[in-house]
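Engineer: Numbered per the UniProt record's numbering, the sequence shown spans residues 1 to 119.
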Amino acid sequence: MQDSVIIEGLAVEAVIGVYDWERTITQRLVFDLEMAWDNSPAADADDITLALDYAEVSSAILSYVSDTSFELIETVAERVCELIITRFGVSEVILKLSKPGAVPEANNVAVKIRRRAAA
Ligand SMILES: Nc1nc2c(c(=O)[nH]1)N=C([C@H](O)[C@@H](O)CO)CN2
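So, in structure tokens, the structure goes:
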């Protein structure tokens with residue numbers, strides 16, 4: 001990955017978890033993303049339409065995830081990478097998805113995945 005656009009600490013409340021008690025509450029999920037994008041065209045023209053708009057991507061993730069109710073954070077991570085690749089034309093995404101409240105004795109738990117658009 002060369003140029004990229006980064007979103008850090010994007011937080012959303014969602015139904016998430018494998019246990020019965022988790023199906024009745026929402027919990028905090030936090031996204032850290034790095035998305036491959038050639039930033040030169042946007043910089044040369046100073047034009048947002050040529051940029052990967054981090055606000056638009058953030059909004060799409062928040063809207064999607066707040067309506068989901070998956071069991072595993074792995075599933076959420078996979079679906080969000082698919083969304084970013086298909087909706088925004090991103091060729092590669094690295095996503096770390098944290099569920100900070102899941103293990104009280106730990107500062108954080110997370111999965112991290114890297115996905116590429118089909119060639
Ligand atoms: N690799 C994972 N391990 C666990 C997950 C998960 O989503 N991925 N989820 C749970 C429970 O939902 C847990 O968060 C409850 O505290 C356990 N392990």
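Just so you know, even glycine gets a beta-carbon here, dropped at the ideal spot from N, CA and C.
Just so we're clear, the structure is a prediction, and the values are computed from it rather than from any experiment.
#1: Anyone know if the C-beta pair for Ser91 and Ala36 falls short of 8 angstroms?
#2: Taking 7 angstroms as the cut-off, is the C-beta of Gly17 nearer than that to any heavy atom in ligand 1?
#3: Please classify Val93: is it buried, with 16 or more other beta-carbons within 10 angstroms of its beta-carbon, or exposed?
#4: In the UniProt domain "Dihydroneopterin aldolase/epimerase" (5 to 115), which residue ranges form an unbroken alpha helix (DSSP H) of at least 4 residues, counting only runs that do not cross its ends?
#5: Ligand 1 heavy atoms versus the CB of Leu72: any closer than 7 angstroms?
Structural biologist: In short:
#1: yes
#2: yes
#3: buried
#4: 40 to 45, 54 to 66, 73 to 88
#5: yes
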